[in-house]
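Peer 1: For what it's worth, the UniProt record's numbering labels the leading residue of the sequence shown as 1, then goes sequentially.
A virtual CB, placed ideally from N, CA and C, is assigned to each residue, including glycine.
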Amino acid sequence: RLTVLTSLVVCAMAEKSDDLYLPNAVIGRIIREALPEKAVVSREARSAISKAASSFILCVTSMASAHCEAGKRKTLAASDILGALRDMQFSSYESPLLEFLENYRSTMNAKKASKKNQAQNESAIKSQQASEIINLENSDETEKSEPDREGTSKTVDQQEKP
């Protein structure tokens, strides 16, 4: 409980109020997805929602930072965020967030694998094209050279004309 109170005090004092706003487009999209289609939200309500969301994010980040420091780490991890939410008694969000995190990680791994395969395919194609060019150059040189009467090989241009 002391950690929660300390974090709330830190949240209240941490930033200027102007720095607490999220982008209006993001807030608008979240509101539109959450409310019925014909619902109207005033500018003041959007501003209040933006401040509340920003304050919530700041509090969660502050508490997650405390988890991180307790683990003697400098980088916040997903487990720190989940621990902060548990401490703030928002444990009902834990399983949906874990599901989202798993989907996100699998999507990112699939993208990395796709890029790696694409790079390997491009490399193989370039290698094959280079081999074909070399083979064509070699076959052109072979076609130009013909053996002369003494058995030595001369190019068509070097041969004596009859």
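#1: Just mark Leu82 as buried or exposed, buried being the case when its beta carbon has 16 or more other beta carbons within 10 Å.
#2: Pull up the distance between the alpha-carbon of His67 and that of Gln89, whole angstroms please.
#3: From which residue to which residue does the alpha helix (DSSP H) around Phe56 run?
#4: How would you call Ile27, buried or exposed, if buried means at least 16 neighbouring beta carbons within 10 angstroms?
#5: Tell me, to the nearest whole angstrom, how far the beta carbon of Leu22 is from that of Ser50; I am working on the premise that it is less than 8 Å.
#6: Over the uninterrupted alpha helix (DSSP H) stretch that includes Arg32, give me the two end residues.
#7: Hey, would you say Leu97 sits closer than 9 Å to Ala78, going by beta carbons?
#8: Mark Ala70 as exposed unless 16 or more other C-beta atoms lie within 10 angstroms of its C-beta, in which case mark it buried.
#9: Please report the residue range of the alpha helix (DSSP H) in which Leu82 lies.
#10: Output the distance between the C-alpha atoms of Thr107 and Leu136, rounded to the nearest integer angstrom.
#11: Which same chain residues end up closer than 6 Å to Glu94 when comparing Cβ atoms and leaving out the 5 residues on each side of it in sequence?
Peer 2: Concretely, from the data shown:
#1: buried
#2: 15 Å
#3: Arg43 to Ala70
#4: buried
#5: 5 Å
#6: Asn24 to Ala34
#7: yes
#8: exposed
#9: Ala78 to Asp87
#10: 43 Å
#11: Leu82
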